[in-house]
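The opening residue of the sequence shown carries number -15 in the numbering used here; numbering runs sequentially from there.
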Amino acid sequence: MKILHTADWHVGKVLKGRHRLDEHRAVLRELVALAREEDVDAVIVAGDLFDTSAPTPEAQALVLDAVLALREGGRDVVVLAGNHDNPQLLEVYRPILGKLGIHVAGTFRRPDQGGALAFTARSGEPVRLAVLPFLSHRYVVRAADVLTGTPAEHNRDYAARVAELVQALTTGFEAGTVNLVTTHGTLPSGRFGGGERRAQSIFSYYFEPTAFPATTQYAALGHLHRRQQIPGPCPIWYSGSPLAVDFGEEDNTPGALLVTVEPGRPAVVREATISSARPLATRTGTLEELEAMAAGLTETWLRVIVAEKPRPGLADTVREILPTALEVTVHERFQPVRDPRQPPAPGAGARSPRELFRDYLAGAGRDNDQVAALFDRLHEEVNGS
């Protein structure tokens, strides 16, 4: 059977105030087209469909349309919650989408209640798929309690509990079935892409590759935005995000994974590039240098670092040269640094706010008569004089 493995869509993401729904629409269309062209039998979306736990109606419509399109032709589609998703929202979708043949897991479920799926692929192979959505440090304990029915032991860490849950969900793996696991979380040897939520990627949220049994033929992971394979007892892959979520990911190659697998053999994995979204890039230079590179950056979202002294209107000038600049900062070499140990100038306490402000401008290398005059006018308005 052939599987399309994708994750970390982050639909609804706002980048430096810029909405990206049009980019997401194009990216998801490209994923659907890939599923059609490759004639995949199943699709796994391993979490973080949305960028926020309260997605807008537009973001929800976009995701639901994509999931339904991926289901066409009788493909099995499995969707699970990531750390950015609202698990209860996915549970609202669950019964409706379930009627349409789409498997949704917002919260942890026992093997006999939807945590371990058993189905026959379009290609004829019997499939066993263990589904473990993202679990916070707090709720992984609660999930273990649901599983065992006994009080949690506080000295058992997150990794041990995740391993226990995976073991329970994979007990139905057999030699004659295609054995798959999907989850959303952090493995310690994984390389971060840049846009992951660090509070849920720190050491206390790690679990080990050994959590997956050797009988697993493929583990489909989400959370790390860089597409990569993780060493372990079976083929373990992060699909990565299909678009660069923020500027920390500008060097990533967005995409998805195409997985071919049959009973008794490790999966064969092929990487697929997704190119519909605009690339992200950081550029540094003087205004003259930035103008020289502008022609090749018209379709790229930019983080610009200006190698000139700060002055009023500098950011506006940069955006006239580079209209797709979402963030403009001054290079640290041109930012004044004051020694906090330096005592105030003699008589500073007796000087007027106007004089102190002009001293600040001079010391910061930002002398400008217009800014000083604006300060004077605001000061007069505030003080009524």
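All C-beta atoms in this analysis are idealised placements derived from N, C-alpha and C, irrespective of residue type, glycine included.
Whole-number beta carbon distance between residue j and residue i, since they are thought to touch under 8 Å
i    : j    : result
A105 : D60  : 7 Å
A50  : L18  : Wrong, their Cβ atoms sit about 12 Å apart, outside the cutoff.
A65  : G90  : 5 Å
F103 : V111 : 5 Å
C-beta atoms of residue i and residue j nearer than 8 Å
i    : j      : result
P250 : Q201   : yes
V302 : L274   : yes
G216 : P197   : no
A309 : P263   : no
H207 : E233   : no
L46  : L5     : yes
L242 : K(-14) : yes
A240 : S223   : yes
N352 : P296   : yes
R267 : L298   : no
D35  : H3     : no
F92  : L116   : yes
V355 : L340   : no
R338 : H363   : yes
R211 : T237   : yes
CA nearest to the CA of residue i, picked from the options
i      : options                : result
G99    : C218, H87, I258, S107  : H87
G31    : V243, V245, D(-8)      : D(-8)
T(-10) : I80, L15, A53, Q72     : L15
L52    : F341, D35, V29         : V29
E316   : E292, D235, F176, H209 : E292
V288   : H168, F231, T237, G224 : F231
A265   : A278, A279, D235       : D235
F318   : F341, P294, R335, L298 : P294
A204   : T170, Y189, F176       : T170
A159   : E339, P238, E109       : E109
S37    : T270, H(-6), R2        : H(-6)
T167   : F176, G174, V150       : V150
A143   : Y189, V314, R335       : Y189
E246   : A261, T199, W221       : T199
Residue i versus residue j: straight-line alpha-carbon distance, rounded
i     : j     : result
P195  : G248  : What sits at residue 195 in the sequence shown is Ala, not Pro. Distance between the alpha carbons of A195 and G248: 20 Å.
V162  : S107  : 12 Å
D141  : I305  : 53 Å
T40   : G(-4) : 7 Å
R145  : L81   : 29 Å
V130  : P172  : Low confidence applies to V130: its pLDDT is 49, below 50, so where it sits in the model is not reliable, and the reading given next is rough at best. So the two alpha carbons sit approximately 27 Å from each other.
D360  : A256  : 59 Å
F191  : A357  : 59 Å
V63   : D300  : 43 Å
R254  : H121  : 33 Å
L84   : R94   : 22 Å
T284  : S225  : 18 Å
F157  : V165  : 10 Å
E272  : V290  : 10 Å
Y77   : V27   : 17 Å
E7    : A43   : 12 Å
D25   : G58   : 8 Å
H280  : R335  : It should be pointed out that residue 280 corresponds to Gly in this sequence rather than to His. Their backbone Cα atoms lie some 51 Å apart in a straight line.
N367  : A276  : 47 Å
D23   : P219  : 22 Å
E365  : E311  : 32 Å
V(-2) : T313  : 19 Å
T282  : L33   : 28 Å
N70   : Q97   : 20 Å
V48   : T155  : Per the sequence presented here, residue 48 reads as Leu, with Val not at that position. Cα to Cα, L48 sits roughly 32 Å from T155.
R182  : F176  : Since pLDDT at R182 reaches only 48, below the 50 mark, its modelled position is unreliable, and no value is offered.
E56   : R20   : 9 Å
Test: residue i CB closer than 8 Å to a CB of chain B
i    : result
N163 : Given the protein chain composition of this structure (a single chain), no chain B is represented.
Item checked: Start-end ranges of the beta strand (DSSP E) lying completely within the segment 217 to 252, minimum 3 residues -> Whole beta strand (DSSP E) segments, 3+ residues: 220 to 222, 239 to 244.
Checklist line | Length-filtered (4 minimum) alpha helix (DSSP H) runs lying within the segment 272 to 320 | finding: The segment 272 to 320 is shown to contain whole alpha helix (DSSP H) runs of 4 or more residues at 298 to 305, in chain order.
Item checked: Every unbroken beta strand (DSSP E) inside the segment 53 to 131 [3 residues or more] -> Here the runs fully enclosed are 60 to 64, 86 to 89, 100 to 104, 110 to 116.
Checklist line | 3-residue-minimum beta strand (DSSP E) runs that sit fully inside the segment 23 to 55, ordered along the chain | finding: As far as the segment 23 to 55 is concerned, its whole beta strand (DSSP E) runs of at least 3 residues are 26 to 29.
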